[in-house]
Amino acid sequence: MPFAAIALIAIMVTGSFRRWERAMLVFIVITLLQIPMVLMSHPDWGRAAKSFVVPGIAGGASSEAVLLIIAIVGTTVAPWQLFFQQSNVVDKRITPRFIGYERADTTLGAFVVVIGAVALMMTGDWAARATGSHGQFVDAGVLAHLLGQHNPTLGAVFSIVLLDGSIIGAAAVTLATSYAFGDVFGLKHSLHRGFAEAKPFYLSYAGWSWSRR
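Structure (structure tokens):
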């Protein structure tokens, strides 16, 4: 969305790491809407608990479920995240004595992301069961529309969570790319620097953000 791209660019070009970080924390707080979202979807807790303890693949190893597992792993284990974290930690200007806190932050963040992913999948499962549209989803937008038909509030919350997650992802990917761009070409690349000090860094971020609108 153009508005989201403009918002990301505006947040980033303030020339303040702290302002950027606080803005990202606001988006992260919005992801807490996943809690009421999954509760409104009336999940099958018993089935979820059983599948967690005794995992299985519906349809067997040759089914389309395997493709879903591969897709989940592929979107979760992404090399760009390593580049982003390394550059962001350096840009945050923390000293080695804070590495322990950084590791704890990474571990906690990983658990939060997994819980959020589970909430989204359980909500999608409810949508499939409630609408009888199993296997007919084209994208998440269709899912939001179907949820809205059965529960307008749930559809709205799901849409907000989806948009919020997209903004966070776009912010991280484009910033990681801009960090790497600066590293490769030996350019100034830091959120602590203003636009006048690091024009290529900010312009690359703006360009990639706009291309993802």
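In this note's numbering, the protein residues as written are 10 to 222. We put the CB at the ideal spot given by N, CA and C, even for glycine.
Boundaries for Thr104: no alpha helix (DSSP H) harbours it, and the DSSP string shows neither H nor E there. Around the beta carbon of Asp114, fewer than 16 other beta carbons sit within 10 angstroms, so the residue counts as exposed.
For His198, the three-state secondary structure derived from DSSP is coil.
Secondary structure note for Ile37: its alpha helix (DSSP H) is the uninterrupted segment Phe26 to Ile39. A Cβ-Cβ distance of about 20 Å is found for the pair Val35 and Ala128, leaving them out of contact under the 8 Å criterion. DSSP places Thr23 outside any alpha helix (DSSP H), giving it a letter other than H or E.
Apart from the 5 residues on each side of it in sequence, Ile176 sits with its Cβ closer than 7 Å to the Cβ of Ala13, Leu17 and Phe36 in its chain, given in chain order. For the options Val151, Thr183, Ala207 and Gly203, the alpha carbon positioned closest to that of Leu171 is the one of Val151.
Taking the Cα positions, Asn97 is about 16 Å away from Leu196.
Rounded to whole angstroms, Leu163 and Val122 show a C-alpha spacing of 20 Å. Contact between Ala139 and His159 holds: CB atoms are separated by about 5 Å, below the 8 Å threshold.
By the neighbour-count criterion, in which a residue is buried when 16 or more other Cβ atoms sit within 10 angstroms of its Cβ, Gly125 is buried.
Within the region 125-196, the alpha helix (DSSP H) runs of at least 4 residues that lie entirely inside it are, in chain order, 149-159 and 161-194. DSSP places Glu206 outside both helix and strand once states are collapsed to three, so it counts as coil. Shown here for His51: same chain residues with a beta carbon closer than 8 Å to its own, the five before and five after excluded, namely Trp135 in chain order. In the three-state reduction of the DSSP assignment, Pro45 falls in the helix class, which pools H, G and I. Put simply, the backbone Cα of Ala19 is about 36 Å away from that of Leu77. In this structure, DSSP gives Gly65 a state outside helix and strand, which the three-state scheme calls coil.
Here Ser220 carries a helix assignment [DSSP, helix/strand/coil]. Assigned with DSSP and collapsed to three states, Val98 falls in helix. About 25 Å separates the CB atoms of Tyr188 and Phe120; that is not less than 8 Å, and the two are not in contact. Cβ neighbours of Leu200 within its own chain (closer than 6 Å, five residues either side excluded): Phe26, Trp29 and Asp100.
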